[in-house]
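Peer 1: Chains as they are written, first to last, in the working numbering: chain A, 18 to 401; chain B, 18 to 401; chain C, 18 to 401; chain D, 18 to 401. Idealized CB from N, CA, C, for every residue including glycine.
4 protein chains.
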Amino acid sequence: MDFQYSQEQQQLADAVGRLFEKSYDFEARKRIVGSVDGWSPDAWAAMAEMGLLMIPFAADDGGFGGGVTDLIATMEAIGAALVVEPFASTLLGGRLVANACSAAQREALLPGVIDGSTKLAFAHAERASRYALNQVETKAVKAAKGDGGWRLDGEKVVVLHAPMADRLIVSARTSGEATDAGGISLFVVDPKAAGVTTKTYRTVDNLRAADIAFAGATLPADALLGEPGAAFDAIDEAVDFATVLACCEAVGAMKFANEATLEYLKTRKQFGVPIGAFQALQHRMVDMTISAEQARSICLLACAKLDAAARGEIEAAERRRVVSAAKVKTADACRHVGQEAIQLHGGMGMTQEMKVAHTFKRLTMIAQQYGDVDHHLERFAASW
Amino acid sequence: MDFQYSQEQQQLADAVGRLFEKSYDFEARKRIVGSVDGWSPDAWAAMAEMGLLMIPFAADDGGFGGGVTDLIATMEAIGAALVVEPFASTLLGGRLVANACSAAQREALLPGVIDGSTKLAFAHAERASRYALNQVETKAVKAAKGDGGWRLDGEKVVVLHAPMADRLIVSARTSGEATDAGGISLFVVDPKAAGVTTKTYRTVDNLRAADIAFAGATLPADALLGEPGAAFDAIDEAVDFATVLACCEAVGAMKFANEATLEYLKTRKQFGVPIGAFQALQHRMVDMTISAEQARSICLLACAKLDAAARGEIEAAERRRVVSAAKVKTADACRHVGQEAIQLHGGMGMTQEMKVAHTFKRLTMIAQQYGDVDHHLERFAASW
Amino acid sequence: MDFQYSQEQQQLADAVGRLFEKSYDFEARKRIVGSVDGWSPDAWAAMAEMGLLMIPFAADDGGFGGGVTDLIATMEAIGAALVVEPFASTLLGGRLVANACSAAQREALLPGVIDGSTKLAFAHAERASRYALNQVETKAVKAAKGDGGWRLDGEKVVVLHAPMADRLIVSARTSGEATDAGGISLFVVDPKAAGVTTKTYRTVDNLRAADIAFAGATLPADALLGEPGAAFDAIDEAVDFATVLACCEAVGAMKFANEATLEYLKTRKQFGVPIGAFQALQHRMVDMTISAEQARSICLLACAKLDAAARGEIEAAERRRVVSAAKVKTADACRHVGQEAIQLHGGMGMTQEMKVAHTFKRLTMIAQQYGDVDHHLERFAASW
Amino acid sequence: MDFQYSQEQQQLADAVGRLFEKSYDFEARKRIVGSVDGWSPDAWAAMAEMGLLMIPFAADDGGFGGGVTDLIATMEAIGAALVVEPFASTLLGGRLVANACSAAQREALLPGVIDGSTKLAFAHAERASRYALNQVETKAVKAAKGDGGWRLDGEKVVVLHAPMADRLIVSARTSGEATDAGGISLFVVDPKAAGVTTKTYRTVDNLRAADIAFAGATLPADALLGEPGAAFDAIDEAVDFATVLACCEAVGAMKFANEATLEYLKTRKQFGVPIGAFQALQHRMVDMTISAEQARSICLLACAKLDAAARGEIEAAERRRVVSAAKVKTADACRHVGQEAIQLHGGMGMTQEMKVAHTFKRLTMIAQQYGDVDHHLERFAASW
């Protein structure tokens, strides 16, 4: 509630805000969402040009060397504008590469991430896995022909942004049982490769996603990212990273929802007085505001802890606990603020014509992205 | 929770269930929703043929003479199948006609309602009215040329099912101040008439709605339904009627959501055991079930009270209180069951491919249709 | 919400209401609660004289042959007046006797229950049992001297009304493992017998309770109620009976809380207007009222189902489900209404001088008596 | 969630913790609460000796010159130990003196506050005022005899700690209408003076309080604190100060409740396994923990803001908003944690023998002390 941006962070926040204000208003977004591919190359290029994609990568990898804390302003702006381009998905993919890979692989992959030419999606969840990161049944085995290549079989579901990804980062089991943390490996896969079938669709909040089947897909030897079977910790950290990004996006979306609702209450009149003059509605408006502020507060803490863990200053267990606590409370706030925003708009809140209705749907989705409340309560308990 | 259908009601329930099971499964619905007009003439014809549209009208008007109690099974089936055709809107329009009109007008309008040839929409809410039924600023004045006709000016918003309506029932003020209960009249209007402009769009749950502007629209003398300025009580009763229909639709939608979720929990496996074996998820599933049952219980009571009031056995104030109480608690259950259903489905619950995601959106909309929680708490207090 | 008393039930309701109004007002109750023994022989005698203790027992046993439905009015009046005498505990004990025993034992014990001379308490819960009815570690073994007597060892905790009980009904294991449903027996025990140590204290709501240790307590052969090892079903049914009694008591307590709060809001003035004129408070008051009505509705259903199960018309599993559903929802309402009642009273609600503060404490206790929400969700799931 | 004590603050926290651990365990507290006067001179003396009462007063007034931030550890320890002595009430009284008075009056009164010889209570709320600070109907008029003295008439209600106060700080209207912010003055009053009648009682959480009637009580000229009619801002600030103290006390009480519950879940066994192994209970335990942490986070922010406002760095309006937001969210957490703590203890949680039952009652009271949720939502809206 009382976090202050550094001067540099404030400048970035202002610049990103201006970018979306100018080129990503609700009408522009509607066109993008309604387009065949569901994303805008122009908007994506503008984000890359501004250097947003370089923020969290190490200077050695061509990045800005920032932490997740430096992404807060960008994610809040993305949330406020309901940006549908694969920003967080691409950073998540990049994080996996940065976490798991040798310098050579980072050099091969990260420049494209940073300049925007390689959009990524992380294909990890499976029908049986729900939110458990360790349940991986997709299998990768050494290819028969002995050139070090791999053969990939299995299915990944609800892979966000997969339809527009240039490359997929795919988790697969190279050893161990279906729920072992050990034995999980990461591969970089061309979604157009033979043996890869993508069934695309929309999510409730109109993002593009896909179920992806691998049926004997053949991968070259260097598709393996890092050491075989050792990817779990990298995944665990990168998903925590993506989780706090989603939380910050939610904070921005809630900020928009609250501002739009307050504006509506102030200007609409009923019985000749502004609707916001009715005490019961006013109290609900304040309550939403406090919920959003409190969610922001715990999200900022989670960002700080994730960065501290990345610097080795705290244990991964503490990072997990705080990220899970932040997700639990942000999900509560998403539901509270999202529902109230459309209800306080009266019937208007239910039309697709109002941006707030789309914000509601996005908030509903974030509430369960990377794990619903029970998943994170469970995970918190396990890190105790 | 313990309501028993009569044999006749049970037969109807079974027949309606079979109708939608056969011809309105999720794939069929997807096609209808995706079509240009957003409704299916075939489905509509089947509903009319089965006699569903005659149920609540008096035998003298060509109806079956039933109460809202006799519509429960149909509305539950509509909710379960997510039927988008204008069934409740048409009955609401017909109720207004039945409540307000002379025998001659009823004879002119109701046969078309009953045989399905006249789909109706009720154009009542305005930008300033929120959920207040008495705030009507649309004006109807006697036309200058002295033929007893009317001139209509104003705007109605979020008129559900208007894009497919053959006739609109429009409320307009013929006397009094903007928020007087007296002075409100009802008119039947051809949506294609000169001076009527319709801006159509979709609601969050993919129903079709419209904002309708009247700019000097000319109406014939017989467009006025009943006595001028005396329509408020008819509107109040008909909207209560529509409110309990929406509640019963929600009960059906919740029943589907619960069954689908239970099925999902029983069959999906994680760590080799059905997801439903996890205690926390199991408890949430039971809690949803109890919420839905309790909502059903209070909805049935509201149906009974509405019928009793229609027969003159209880006061309108008691009807209002019980309908508002039912709406408050049904809205709570809609939010609870809707949110839990998609969350218990895990990531799958967020794809447009799953019917339950659409049920969630429909439940969200019903939660505020005809008034959100604060509106109905206020109305209950006013009837004390 | 729409239950109508029969004429007979209404007369009883009126009579019980008058009894407590006359002799059990808040001042009288304060004296009783503050007395050494914490109950009033006069009040108890008056209840017995009115025949309240005979209601649920069979005519053959000297009772009135009524169902739990016939006890609703009495329990609601007890809840409204915050009666502390062991009415429900004595009926629970009597129910165990009626459920488990031979005619001879019923004849020995029930007349005293019915005429008020034998107050009972059910000593069942143990430190490890939480709310599970089948976890009994207290042991009863045949006494060495071969006269058919028993030796009792173990400890029972939080035995409500034990300090004033003339006889305890004690569950003990005569065979099987600690959590087997089979092997549990019931015994009638004189609390003053050798080997029985009672540690008395008050509960949060100022009722009297005790932890009771049995250290080689010697019981005569006829202390065993019914067949050895076969008491589980009798206990399960009797505790369901007591659970719905507690729910009905809660309904009465909520009725008082709502009336007292409404009265307070109507008469207290702030800024020169009644507090109840403030919209936010008014809405909270309506919400409490609807919650209480809805709780009453599901409690009445549970009463009807318990009686139907007792008559063999429905399965025990259905009884369990409905009783658990009623308990879950009543507990929600207890917390909602209890908290709101004291909060709407402002600072006054926090003084021991206001009856509503005691009602709040009683409601808090009922919310978890015979099992908290998770216990009953679990139990519902188990009966699916 | 991530506040770090300074070394000095940590030492104080440790010392206070040791003090209560040694001399204020649950048995000791039970004796104090059960004593005639309801407080312990020894415990009070120990707190004074440790210098706790000097913390927030300026060095010029003989204090330590600390902020409310320096009181966090003490208030948390008081909350954990359920200390009943009038620590916060005395500091509140002292704050009023410090805020409102000339140097001479501060010199006359504050040394006694700081050394513990003058326990204070703030007599402000009235029957009609609810939580509004500006509604004061108690009247002070210049005494007839012209010696500059005052005559006091009116009634104050639920004055916490009044029965043990050496002096009362009393608000009274010296000009203006009943709800004017202007015209309110503060007086120091000997509770034993003629014309002062005290009706003492206990609050729900067993603190001592009183209703105090002033019937022509005669006060000397120097009883007036500061300028006549100008006390509102001093009261507003001091009550915000007391509100954050109460919030910090709640944080300490929740910490105890969580630790006690976790301990209970870990050690109690059911079906042979620790109760805490049951997933549903485990999730509830984590949820309580996160709620308490989040409440602590917003309370710490409110402390920082109150200190910043006291230093003139931010506006009073911002202080008000943050204090009200903290109170709203702390009250939510109080109810959540308090209810869950006793419920997770099973039946044991309902006995007066368990400290956690008393913690529950204290949390319930703090939830509405200095204003319930609606009051603070309203106040937040007014400061927007």
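Which ranges would you report for the beta strand (DSSP E) in the segment 121 to 174 of chain B if only whole runs of at least 3 residues count?
Peer 2: Taking only runs of at least 3 residues, the beta strand (DSSP E) segments lying wholly in the segment 121 to 174 of chain B are 137 to 140 and 156 to 159.
Peer 1: Based on the DSSP output, what are the partners of P291/A in its beta bridges?
Peer 2: According to DSSP, P291/A bridges with K286/A.
Peer 1: Measure from the C-beta of M314/B to each C-beta in chain C and report whether the shortest distance is under 9 Å.
Peer 2: Residue identity check: residue 314/B is Ser in the sequence provided, not Met. So, interface residue.
Peer 1: Mark Q386/D as exposed unless 16 or more other C-beta atoms lie within 10 angstroms of its C-beta, in which case mark it buried.
Peer 2: The residue is buried, with at least 16 neighbouring Cβ atoms inside 10 Å.
Peer 1: Could you check whether the Cβ of M18/C sits closer than 9 Å to any Cβ belonging to chain A?
Peer 2: In this predicted model, M18/C has a pLDDT of only 41, less than 50, meaning its place in the structure is not dependable enough to derive any value.
Peer 1: I need the boundaries of the beta strand (DSSP E) containing D228/A, first residue and last residue.
Peer 2: Residues R225 to L236.
Peer 1: Name the two residues that bound the continuous alpha helix (DSSP H) containing K216/B.
Peer 2: First-last for K216/B: V213 to R219, but that is the beta strand (DSSP E), not the alpha helix (DSSP H).
Peer 1: Which residues in the same chain as A32/C place their Cβ atom closer than 8 Å to its Cβ, once the five residues preceding and following it in sequence are excluded?
Peer 2: So the qualifying residues of the chain are M67.
Peer 1: Is V206/D helix, strand or coil by DSSP?
Peer 2: Here V206/D sits in strand by DSSP.
Peer 1: Along chain C, which residues have their Cβ under 7 Å away from the Cβ of Q296/A?
Peer 2: F295, Q296 and A297, listed in chain order.
Peer 1: Our contact map puts T376/D next to F273/D with C-beta atoms below 8 Å; I'd like the distance itself, whole angstroms only.
Peer 2: Right, the Cβ-Cβ distance comes to about 6 Å (below 8 Å), so this counts as a contact.
Peer 1: Measuring straight from C-alpha to C-alpha, what distance separates R337/C and F397/C?
Peer 2: Going from the Cα of R337/C to the Cα of F397/C covers about 7 Å.
Peer 1: Going by CA-CA distance only, name the one from I201/B, P237/B and A157/B that's closest to L150/B.
Peer 2: With distances taken between Cα atoms, L150/B lies closest to I201/B.
Peer 1: Mind the definition here: the segment 226 to 243 of chain D touches the segment 167 to 179 of chain D only if three or more C-beta pairs lie below 8 Å; say whether that holds.
Peer 2: The segment 226 to 243 of chain D is in contact with the segment 167 to 179 of chain D.
Peer 1: Could you check if K209/B is buried or exposed, using at least 16 other CB atoms within 10 Å of its CB as the buried criterion?
Peer 2: Exposed.
Peer 1: Tell me which residues share the same chain as K283/B and place their Cβ nearer than 7 Å to its Cβ, disregarding the 5 neighbours each side in the sequence.
Peer 2: Excluding positions up to five away in sequence, the list reads P291 and G293.
Peer 1: Between the segment 212 to 227 of chain B and chain A, which residues of the former have CB atoms less than 7 Å from a CB of the latter, in chain order?
Peer 2: Answer set for the segment 212 to 227 of chain B: Y218, R219, T220, V221 and A226.
Peer 1: For the segment 299 to 312 of chain B, which residues have a CB atom closer than 7 Å to at least one CB atom of chain D, in sequence order?
Peer 2: Listed by position, the residues of the segment 299 to 312 of chain B near chain D (Cβ gap below 7 Å) are H300.
Peer 1: So, is G329/C buried or exposed, given that buried needs 16 or more other C-beta atoms within 10 angstroms?
Peer 2: It counts as exposed.
Peer 1: Please determine, among Y148/B, G199/B and A161/B, the residue with the shortest C-alpha to C-alpha distance to V176/B.
Peer 2: Taking only the C-alpha atoms, the option nearest V176/B is Y148/B.
Peer 1: Express the C-alpha separation of I359/A and M382/B in angstroms, rounding to a whole number.
Peer 2: Between M382/B and I359/A, the C-alpha separation is close to 9 Å.
Peer 1: K346/D versus chain A: which residues are under 7 Å apart at the beta carbon?
Peer 2: Within 7 Å Cβ-Cβ: I307 and Q311.
Peer 1: What do you get for A238/A, buried or exposed, if any count of 16 or more other CB atoms within 10 angstroms of its CB means buried?
Peer 2: Looking at its Cβ environment, which holds fewer than 16 other Cβ atoms inside 10 Å, A238/A is exposed.
Peer 1: To which residues does DSSP link L177/B through a beta bridge?
Peer 2: Beta-bridge pairing links L177/B to A226/B.
Peer 1: Which value, in whole angstroms, describes the spacing of the CA atoms of A60/B and R112/A?
Peer 2: The alpha-carbon atoms of A60/B and R112/A are separated by roughly 51 Å.
Peer 1: Against chain D, with Cβ distances strictly below 9 Å, would F139/A count as a contact?
Peer 2: With 9 Å as the cut-off, F139/A does not count as an interface residue toward chain D.
Peer 1: Going by beta-carbon coordinates alone, are T347/B and A384/B separated by less than 9 Å?
Peer 2: Taking 9 Å as the Cβ cut-off, T347/B and A384/B qualify as a contacting pair.
Peer 1: Just the Cα atoms here: how many angstroms apart are A342/D and R352/D?
Peer 2: Roughly 16 Å between the two C-alpha positions.
Peer 1: List, in chain order, every chain C residue whose beta-carbon is nearer than 8 Å to that of D391/B.
Peer 2: Those within 8 Å of D391/B in chain C are H300.
Peer 1: Let me see if you follow: with CB-CB separation under 9 Å, is E395/C close to chain B or not?
Peer 2: Closer than 9 Å to some Cβ of chain B, the Cβ of E395/C qualifies, so yes.
Peer 1: Using CA coordinates, which residue listed in R48/C, A90/C, G79/C and R144/C is at the minimum distance from R285/D?
Peer 2: With distances taken between Cα atoms, R285/D lies closest to R144/C.
Peer 1: Is there contact here, the segment 304 to 319 of chain C with the segment 24 to 43 of chain C, by at least three beta-carbon pairs under 8 Å?
Peer 2: They do not touch, by the three-pair rule.
Peer 1: Taking A312/B as part of the alpha helix (DSSP H), name the residues at either end of that continuous run.
Peer 2: Where A312/B is concerned, the enclosing alpha helix (DSSP H) stretches over Q296 to A327.
Peer 1: Quick one: give me the first and last residue of the beta strand (DSSP E) that L88/A is part of.
Peer 2: Run containing L88/A: none; DSSP gives neither H nor E here.
Peer 1: Strictly below 7 Å CB to CB, what residues from chain C border A198/D?
Peer 2: By Cβ distance, chain C contributes nothing, its closest Cβ being about 13 Å from A198/D, past 7 Å.
Peer 1: Name the chain A residues that come within less than 8 Å of A457/D, Cβ to Cβ?
Peer 2: With chain D covering only 18 through 401, there is no way to say anything about residue 457/D.
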